[in-house]
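K.L.:
The numbers in my numbering rise by one with no breaks, and the one at position 599 of the sequence shown is 623.
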Amino acid sequence: MLSEKNEKNQLRTKIIKYSDRLLTEHGNEICPEFFKNHFKSFQHADDPNWIGYGDISMSPYDTAWVAMIPSKIYKESKISKDFSLAFPQCFLWLLNNQDMHGSWAGNGAGGIVPGLAGLLALGLFRFHSGEFFEIKLNDLGITIVQYIAIFEKAKKFLQKALYEWNLDNFDTICFELIIPYHLTALAQLKEPIVFDFPESERILQEVFCDKIDLSRIQNKDFQAINGSYGSSPAATASVLLHAQKWDDKAFKFLEKIISKCPSYAKGHGLVPTICDVGLFETIWMMHSIGELCLNIRASKKINLKRKHILIKKFFSKNLALIKYLSALNKEHGGTIRWTSWDNKIPKDADDSTVCNWLIKKFDSDGVVDLDIITKAFYNGKYFITYPNERTFSISCNVHAINLYVSEYQNLQSNNQMVNISTSNTSVTKLEEIIVTATSFLISQREKEGIWFDKWNKSPAYVTFKANNLLLSLQEHPNLCAKLGFTTNKVLFDFCRETVDWALSTQHADGSWGEPSNTGPGNLEETSYIVRLLKTASKNWPDDEVIKSALYNGRKYLIKHLDESIMDQGYFHTKQPFLWIGKQYYTVPRVIKSSILVSLWVD
25 MLSEKNEKNQ LRTKIIKYSD RLLTEHGNEI CPEFFKNHFK SFQHADDPNW
75 IGYGDISMSP YDTAWVAMIP SKIYKESKIS KDFSLAFPQC FLWLLNNQDM
125 HGSWAGNGAG GIVPGLAGLL ALGLFRFHSG EFFEIKLNDL GITIVQYIAI
175 FEKAKKFLQK ALYEWNLDNF DTICFELIIP YHLTALAQLK EPIVFDFPES
225 ERILQEVFCD KIDLSRIQNK DFQAINGSYG SSPAATASVL LHAQKWDDKA
275 FKFLEKIISK CPSYAKGHGL VPTICDVGLF ETIWMMHSIG ELCLNIRASK
325 KINLKRKHIL IKKFFSKNLA LIKYLSALNK EHGGTIRWTS WDNKIPKDAD
375 DSTVCNWLIK KFDSDGVVDL DIITKAFYNG KYFITYPNER TFSISCNVHA
425 INLYVSEYQN LQSNNQMVNI STSNTSVTKL EEIIVTATSF LISQREKEGI
475 WFDKWNKSPA YVTFKANNLL LSLQEHPNLC AKLGFTTNKV LFDFCRETVD
525 WALSTQHADG SWGEPSNTGP GNLEETSYIV RLLKTASKNW PDDEVIKSAL
575 YNGRKYLIKH LDESIMDQGY FHTKQPFLWI GKQYYTVPRV IKSSILVSLW
625 VD
C-alpha cells in the first residue's frame, strides 16, 4: 500500500516537472526569457525577421512546392540553359526520401496530395530544363535512371491510390482545390500525365485553376511583413512560381525556413506544413495544462496553502502564459487567430473560444465578451470556425459550448440571466444558444456513439471532448431537460454508448488508435480515451470494466512517458500524424500536454 502511494506521488511530481519543462521550452521559444518579460513577444508583429514559433512536423507537400521554384535567373530569362532550382536541397530531399509505396507520406488517401505535389515537382524539373534535362540532373548528382525510377514509382502509387479513393471519406484542408490543381497542372506538362479514376468527374467539377490568373496571388494585401503568404511555405512557393516578378521577400522567408532544419530530420531540405503554429500551439497546449492546474487545485492530496515550490513555479508559468493570451486577446478585440504575427490570417472561433475559456478560468483581470464571439461565429444553429467555411467542426462547437456553459454557470450562481447579441442584430438568451448548439452537436453523433472532426482524423479527439461536455451538463438540469435528457439516467444511457465504444476498441497492450512504433496503438489517441474514461469513472464509479481499461491505458502511457517527453523527434518519427491540414501533421507539444493531464490522478 505504501509502495503504491509512493508511486502515485512520484508520478504526480514527474507530471508537474514535465509540465513545467514544457511551458519553459514553449515560452522561451516565443521570446528569450519569456517568463521574465513575456510582453516583449508583442514586438513580433512588427519584426520582418520573425518567422514564428512552435513544434510542428515537416511537410513533404510543402517541400515539393518549394522544390518547384526555379532560380531568379531562369525566371527572368525563361531559357532552358539558364535553368537551376532556387532550393535544390528540397528537390534532392524528394529524390532521397520517397517511401516504399511511391509517395512521401505513406500509403492510401493521405499520400495523394503529397504524392501529386512530388510528381509535379519532378515533372516541372524536366519541363523547365528542356534539352538540358540530363545535364541539369547531373549537376545535382542524379542519374536519369534514378530520376525515372522515382518518377514512375510515384505515378504507379498515385494511379492506385486515386483509383481506390473514396471522396466521401476524405477531407483535408482545401483538397477540393488542391487536388484538381495538381491534376490539371500534370495534364498540362509537355509530356502530359493523366490519371483515370472513379472519382475524377466529381473532383474535377470544382476545378478552376485554368480559369484564374495565379500571378495575381502576388499582392501586398496577402503578404505578411516577413514575406510569407498565409504562413505557408507551399503558398509562398506558389507566388514565386507563378508571379510575373521575382519576390525577394518571399524568397528570403523560405531561406530562413529551410535553414531551421530540425535535429531529428534525416536530411536537410525539409520545410514545415505551416511556418508558425504560434498561438494555436500556445492555446491548445494551455487548454490541457489548464485542466491539469484545475485538477491540482481540486486535489485532496495537495495542501495548496503549503504547496511545494515546484507547484508554485508551475502555476506561475501557467499564469504568465494566460496573461500573455489575455493581453493578445484584448489587443485583437476579443477574438484571436492561430498565428503569432500574421494579421492577414482571419480570426477563428476555435482559438478564440478556447483562449477566452482560459482567460475566464485563470485571469481574474481578463475581459471575456461573448457578444463579440457570438456576432463573429454563431450562425443561429452552430458555431462556424471561419466565415464562409465549407464544412463545420464538432470540436470547435464543443469548445464554444464549454465557454458559454462556464458563463451560464457563473450567472446561475448569481441568479442572473443574460442576453447575447447575434450577427443579425437580434438578441438571444445565452441558454438558447447553448441548447441550440448542443442539440446540433448531439445530432452529429454517429451510430457507434462517436463523432468525427475536420481538424483531427481520430474520432477519439473530438469524441472525448463531446462526451465529457455532455456528462458535465448534469449539473444543469434545466439545460438537460431542454435537450431531451429528462433524467440523469437518460443522459447517462446516451453517453454510455460512447464509453462502450471506447472499451470495445482498446488494444491488448492497453493502447488505442492507429498503429505506431510502440505497438498496435499510439500515445495521442490513448491519451484522449484515457481522458474520456477518467470522466466516465466518476459517473460509473463501481464499473470494473472501466477501471481495468483505465488502468491498462495509463500503464501504457506511463511506459512511454519519459521517452515521449524527452526525445525531441519522438512524435515526428515514431507516432502517426493525425492532425488535418493540407496533409496530415503532428503537434508534439499539444500531444505531450494531453498525455500529462491524462495521467494525473488524486
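By construction, the Cβ of each residue, glycine as well, lies at the ideal position given by its N, Cα and C atoms.
Fair warning: this is a prediction, and the values are worked out from it, not measured in the lab.
1) Using only alpha-carbon positions, find the residue among 568, 324, 308, 585 that is nearest to residue 524.
2) Would you say residue 426 faces chain C, with C-beta separation under 7 angstroms as the test?
3) Taking a contact to mean a Cβ-Cβ separation below 7 angstroms, would you say residue 409 touches residue 375 in this structure?
4) Whole angstroms are fine: how far does the CA of residue 416 sit from the CA of residue 464?
5) According to DSSP, residue 109 sits in a beta bridge with which residue or residues?
6) For the putative contact between residue 391 and residue 347, defined by C-beta atoms under 8 angstroms, what is the C-beta separation to the nearest angstrom?
7) Express the C-alpha separation of residue 119 and residue 177 in angstroms, rounding to a whole number.
8) Judging by CA-CA distance, which residue of 343, 164, 259 is the nearest neighbour of residue 198?
9) Go through its chain and collect everything with a Cβ distance to residue 458's Cβ below 7 angstroms, but skip five positions before and after it.
10) Does the beta-carbon distance from residue 307 to residue 358 come in below 7 angstroms?
11) Quick one: what's residue 452 bridged to in DSSP?
12) Helix, strand or coil for residue 592? Go by DSSP, reduced to three states.
13) Can you pull the DSSP bridge partners for residue 296?
14) In or out: residue 491 buried (at least 16 other Cβ within 10 Å) or exposed?
15) Please list, in chain order, all residues of the same chain as residue 122 whose beta carbon is under 8 angstroms from its beta carbon, the five residues on each side excluded.
16) Check whether the Cβ atoms of residue 488 and residue 552 lie closer than 7 angstroms to each other.
17) Which word fits residue 615, buried or exposed, when buried means at least 16 other C-beta atoms lie within 10 angstroms of its C-beta?
18) Can you tell me which residues form a DSSP beta bridge with residue 333?
19) Thinking residue 421 and residue 602 are a contact (beta carbons under 8 angstroms), I'd like their distance in whole angstroms, please.
20) Assuming residue 300 and residue 51 are in contact, meaning their beta carbons sit under 8 angstroms apart, how far apart are those beta carbons, in whole angstroms?
21) Could you have a look at residue 545 and say whether DSSP puts it in helix, strand or coil?
22) Using a Cβ-Cβ cutoff of less than 6 angstroms, which residues in the same chain neighbour residue 571 once the five nearest sequence positions on both sides are dropped?
23) Could you give the DSSP three-state label for residue 372: helix, strand or coil?
24) With DSSP as the reference, label residue 627 as helix, strand or coil.
25) Tell me the DSSP secondary structure of residue 77 in three-state form.
26) Since residue 136 sits in a beta bridge, which residues does DSSP pair it with?
27) Below 7 angstroms between beta carbons: does that hold for residue 263 and residue 272?
28) Would you tell me roughly how many angstroms separate the C-alpha atoms of residue 310 and residue 617, rounded to the nearest one?
29) Taking DSSP as the reference, what is the three-state secondary structure of residue 256?
30) Can you find the residues in the same chain that come closer than 7 angstroms, C-beta to C-beta, to residue 106, ignoring five residues on each side of it along the sequence?
31) I'd like to check one pair, residue 557 with residue 532: are the Cβ atoms closer than 7 angstroms?
32) Once the 5 residues before and after residue 472 are set aside, which same chain residues still bring their CB inside 6 angstroms of it?
33) Evaluate contact between the stretch 198-208 and the stretch 154-165, counting only Cβ atoms and requiring at least three cross-stretch pairs below 8 angstroms.
34) Using the Cα positions of residue 248 and residue 398, report the straight-line distance between them to the nearest angstrom.
35) From 87, 138, 611, pick the residue whose C-alpha is nearest to that of residue 110; which is it?
P.N.:
So, to answer that:
1) 568
2) Annotation note: the requested chain C is absent from the structure, which comprises a single protein chain.
3) It is not a contact, given that the beta carbons lie outside the stated cut-off.
4) 11 angstroms
5) 94, per the DSSP bridge assignment.
6) Wrong, their Cβ atoms sit about 13 angstroms apart, outside the cutoff.
7) 11 angstroms
8) 259
9) So the qualifying residues of the chain are 425, 428, 429, 432, 503.
10) With contacts defined as CB atoms closer than 7 angstroms, residue 307 and residue 358 fail to qualify as a contacting pair.
11) 444
12) coil
13) 82
14) Looking at its Cβ environment, which holds 16 or more other Cβ atoms inside 10 Å, residue 491 is buried.
15) 128, 142, 174, 177, 178
16) yes
17) buried
18) Partner(s): none; residue 333 has no beta bridge.
19) Not confirmed; about 20 angstroms, so no contact.
20) Between residue 51 and residue 300 the Cβ distance is about 16 angstroms, and since that is not below 8 angstroms, they are no contact.
21) Reduced to three states, the DSSP call for residue 545 is coil.
22) Taken in chain order, the list of residues that qualify is empty.
23) strand
24) Residue 627 cannot be examined here, being either before or after the span of the chain that is shown, 25 to 626.
25) coil
26) BP columns for residue 136 are empty, so no partner.
27) no
28) 8 angstroms
29) strand
30) 97, 98
31) no
32) So the list reads 525, once near-sequence residues are dropped.
33) no
34) 28 angstroms
35) 87
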